[in-house]
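Residue numbers (our numbering), protein chains in the order written: chain A, 65 to 406; chain B, 65 to 406. Beta carbons are placed, not taken as given, at the ideal position from N, Cα and C, and that holds for glycine. Predicted model only: the values in this text are computed from it and were never measured. Take a look at the structure below.
Written out as structure tokens, the structure reads:
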């Protein structure tokens with residue numbers, strides 16, 4: 065047993081405001097609109113949040129005492145029409161693990177114009193005791209609102225704007241892309257380009273950083289022309305991959321930020337009368353059923369493990385302090401990244 | 065307004081037993097194990113069930129009066145690893161419609177060895193007021209158990225063993241396959257073969273019947289050698305399609321009971337150095353994201369509409385009597401069913 069610093073078992077937003085000598089509203093701003101808070105104040109409040117252990121986990125204690133409980137999980141109405149939307153899989157895995165915690169999962173789909181209203185409503189209904197967030201992003205209103213209302217939650221996805229909160233599990237996409245680059249270099253491709261999303265999405269930028277790190281580790285330098293971006297759209301991705309291939313040429317490989325982008329890359333390779341794998345390597349991300357069908361190599365997220373960790377973090381009595389966890393994805397190697405003699 | 069026969073607003077299993085002059089256990093057997101009941105008794109009990117309006121819908125009245133409610137939906141832990149598992153999509157669509165009924169969806173994953181225990185447990189927890197079933201099959205213990213315990217439910221999928229119950233919505237797979245055959249004949253393919261699942265699954269047999277009807281309507285006769293079956297496994301499907309193509313030859317088409325089987329058919333076509341569409345037509349079923357990626361023509365189920373109908377049937381005050389609904393799928397035509405001059 066280690067001796068841990070004494071802390072209030074149930075620090076509230078008021079405790080944080082008192083300790084940081086700011087108003088409750090300022091604490092709320094730190095949680096909800098940190099960009100609006102003066103840096104010195106921001107730092108002081110974040111320090112008190114950490115010191116006092118004001119985390120969603122603190123109020124999660126009450127969940128453990130209840131015989132039956134449920135957590136809410138927000139479903140994206142359009143998500144399942146997007147290729148490789150792994151959150152459907154995550155929802156199923158959450159549901160599979162729930163009975164181990166004598167709990168259930170309540171799925172709900174907010175009005176996109178007022179997401180918080182749906183959280184408020186489902187809390188008021190008494191159906192759920194907490195939430196599992198996913199699809200976190202910059203200027204996400206949900207974590208701050210939940211903190212302010214002392215609602216227990218964990219997140220599948222980093223809390224990008226609230227670095228002081230540790231109640232998340234995520235997949236190390238950067239490491240996944242880095243491993244894909246190493247695999248392609250090892251397989252004998254001479255250059256490794258990147259087909260990503262336009263800059264600005266934290267997940268996409270993280271995957272791009274993994275590509276740059278992978279090049280560096282392999283002793284390759286980026287000529288600056290070995291990168292293209294496209295939105296999550298097949299035609300746009302195909303055109304971007306064609307531009308990229310025009311510069312990279314045969315014998316190169318392309319690492320993609322998603323399986324849909326990789327599908328565009330495969331089409332671009334075939335449009336040039338080249339053969340994926342043999343002439344140009346292609347690796348996708350998410351290892352969707354499309355990747356399996358197309359024999360596309362792809363980075364696989366450990367979704368079931370993420371669901372287990374999320375439940376443990378929210379409810380298991382053995383982890384009194386939440387500690388953010390970054391899980392390592394694996395690479396599924398298929399035909400599109402095996403270089404063969406022409 | 066039509067005058068309808070007077071009926072008890074809340075007929076119970078006891079009322080049915082009294083009216084049919086059988087024990088409660090016999091009514092339970094009719095619901096749960098109809099094959100164990102003497103035909104004359106079965107018919108008498110089913111007639112009383114119909115006459116008394118003993119339907120899950122009767123007890124669904126109470127749901128309408130509650131301000132907040134939730135329905136349970138069973139998730140198959142392995143389903144999302146099966147290609148084209150449309151029930152993930154159905155769950156999302158159920159969730160999207162739920163707020164219109166001031167309700168929510170509770171997802172749960174039973175232990176496959178005791179499915180009923182999970183229904184019993186979640187009912188006991190008070191979280192849900194009713195259920196939406198899916199993935200119904202022969203000797204399905206769930207509908208009978210729910211009827212016996214007077215738990216409101218509707219089913220996405222016919223209640224195959226309980227023809228007297230009308231509380232279901234399903235998709236007319238037979239009509240979908242029939243339309244696919246008509247399309248292929250119209251496109252100029254000379255023969256249309258069928259690649260289905262082994263006989264015995266109600267859904268698969270229904271799709272096979274649609275193929276036979278389509279041939280008949282087109283004035284084609286089945287030579288008996290134009291059919292193969294395979295389990296939902298890619299290698300097995302590829303081998304079955306190769307056997308089928310060996311008999312059908314170039315210029316023919318294959319209608320498949322699923323997109324996975326169709327993926328096997330596409331591989332078989334390519335293994336023979338033929339081009340899908342141009343040389344051999346292929347149509348799948350479910351219009352999964354794999355179908356879109358492979359440019360595979362496929363029959364699409366109206367999943368969002370099925371979810372809307374399911375909620376209406378369970379809760380909407382405008383439909384006092386449930387009436388089973390069979391929705392018509394549509395055909396998404398892509399490259400694999402467009403015949404082009406060689």
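### Task
Measure the alpha-carbon distance for residue 285 of chain B versus residue 317 of chain B and round it to whole angstroms.
14 Å
### Assumed close pair residue 84 of chain B, residue 118 of chain B - CB separation to whole angstroms, cut-off 8 Å
With a Cβ gap of about 11 Å, residue 84 of chain B and residue 118 of chain B do not count as contacting.
### Query
Interface residues of chain B around residue 181 of chain A at Cβ under 7 Å?
The premise fails here: residue 181 of chain A is roughly 10 Å from chain B at the closest Cβ pair, so nothing lies under 7 Å.
#### Entry: Any 3 or more C-beta pairs closer than 8 Å across the stretch 327 to 336 of chain A and the stretch 295 to 303 of chain A
yes
### Task
Quick one: grab the DSSP three-state call for residue 375 of chain B.
helix
### Message
Beta carbons nearer than 8 Å to chain A: which residues of the stretch 325 to 340 of chain B have them?
### Response
327
### Query
Does the beta-carbon distance from residue 135 of chain A to residue 377 of chain A come in below 8 Å?
no
### Query
Is the beta carbon of residue 275 of chain B less than 8 Å from the beta carbon of residue 319 of chain B?
yes
### Message
If the criterion is Cβ atoms closer than 8 Å, does the pair residue 209 of chain A and residue 96 of chain A meet it?
### Response
yes
### Task
Please list, in chain order, all residues of the same chain as residue 238 of chain A whose beta carbon is under 8 Å from its beta carbon, the five residues on each side excluded.
270, 271, 273, 274, 277
### Spatial neighbours of residue 125 of chain A in its chain, beta-carbon cut-off 6 Å, leaving aside the 5 residues before and after
With a pLDDT of 45 at residue 125 of chain A, under the threshold of 50, the modelled position of that residue is not reliable, and the figure given next carries that caveat. Close CB contacts of residue 125 of chain A within its chain, under the 6 Å cut and outside five residues either way in sequence, are absent.
### Query
Does the beta carbon of residue 168 of chain A sit closer than 8 Å to a beta carbon anywhere in chain B?
yes
### residue 152 of chain A: contacting residues in chain B (beta-carbon distance under 9 Å)
144, 152, 153, 155, 156
### Task
Answer with yes or no whether the minimum CB distance from residue 353 of chain A to chain D is below 8 Å.
Protein chains A and B are contained in the structure displayed, whereas chain D is not.
### Query
Sorted by chain position, which residues of the same chain lie with C-beta nearer than 7 Å to residue 202 of chain B's C-beta, five sequence neighbours on each side aside?
224, 225, 266
### Query
Quick one: complete beta strand (DSSP E) runs, 3+ long, within the stretch 300 to 383 of chain A?
317 to 320, 345 to 349, 361 to 364
### Query
Under the three-state reduction of DSSP, which class applies to residue 123 of chain A: helix, strand or coil?
Residue placement at residue 123 of chain A is poorly supported in this model, since its pLDDT is 42, which falls under 50; the coordinates still yield a value, given next. Here residue 123 of chain A sits in helix by DSSP.
### Message
Do residue 312 of chain A and residue 290 of chain A have their beta-carbon atoms positioned less than 8 Å apart in this structure?
### Response
Yes; because the gap between Cβ atoms is below 8 Å, this pair is in contact.
### Task
Please name the residue, chosen from B:261, B:263, B:262, B:249, that lies closest to residue 281 of chain B on a Cα-to-Cα basis.
B:249
### Query
For the beta strand (DSSP E) that contains residue 118 of chain B, what are its first and last residues?
Counting along the chain, residue 118 of chain B falls outside any beta strand (DSSP E), and DSSP gives it neither H nor E.
### Query
Does residue 141 of chain A have its Cβ less than 8 Å from a Cβ in chain B?
yes
### Message
Pairs of beta-carbons, one from the stretch 360 to 368 of chain B and one from the stretch 149 to 158 of chain B, closer than 8 Å: are there three or more?
### Response
Judged by pairs of C-beta atoms under 8 Å, the stretch 360 to 368 of chain B touches the stretch 149 to 158 of chain B, as three or more such pairs exist.
### Query
Could you give the distance in angstroms between the alpha-carbon of residue 246 of chain A and the alpha-carbon of residue 360 of chain A?
17 Å
### Task
Could you tell me the distance, in whole angstroms, from the CA atom of residue 232 of chain B to the CA atom of residue 181 of chain B?
23 Å
### Query
Is residue 89 of chain B buried or exposed, if buried means 16 or more other CB atoms sit within 10 Å of its CB?
exposed
### Query
residue 159 of chain A versus chain B: which residues are under 7 Å apart at the beta carbon?
139, 171, 172, 173
### Query
Just the Cα atoms here: how many angstroms apart are residue 183 of chain B and residue 251 of chain B?
48 Å
### Query
Residues in its own chain within less than 7 Å of residue 383 of chain A by CB, not counting five upstream and five downstream?
Because residue 383 of chain A carries a pLDDT of 48, less than 50, the predicted location of this residue cannot be relied on, and the following value inherits that uncertainty. Excluding positions up to five away in sequence, the list reads 376, 377.
### Message
Which residues in chain A have a C-beta closer than 9 Å to the C-beta of residue 210 of chain B? List them in chain order.
### Response
Residues of chain A passing the Cβ test: none, with the nearest at roughly 18 Å.
### Task
My understanding is that residue 341 of chain A touches residue 400 of chain A, with C-beta atoms under 8 Å, so please give their C-beta distance in whole angstroms.
5 Å
### Task
Let me know if residue 387 of chain A comes out buried or exposed under the rule of 16 or more other beta-carbons within 10 Å of its beta-carbon.
exposed
#### Entry: 8 Å contact criterion, which residue 170 of chain B and residue 196 of chain A should meet: CB distance rounded
Not a contact, Cβ separation roughly 14 Å.
### Query
By how many angstroms is the C-alpha of residue 402 of chain B removed from the C-alpha of residue 131 of chain B?
In this prediction, residue 131 of chain B scores a pLDDT of 40, lower than 50, which makes its location untrustworthy; no coordinate-derived value is stated.
### Message
Quick check on the burial criterion: 16 or more other C-beta atoms within 10 angstroms. Buried or exposed for residue 335 of chain A?
### Response
With fewer than 16 other Cβ atoms inside 10 Å of its own Cβ, residue 335 of chain A counts as exposed.
### Task
For residue 134 of chain A, decide whether its Cβ has a neighbour in chain B, counting only Cβ atoms nearer than 8 Å.
Judged by the 8 Å Cβ criterion, residue 134 of chain A is in contact with chain B.
### Message
Please report the straight-line C-alpha distance between residue 396 of chain B and residue 262 of chain B, rounded to a whole angstrom.
### Response
If you draw a straight line from the Cα of residue 396 of chain B to the Cα of residue 262 of chain B, it comes to about 25 Å.
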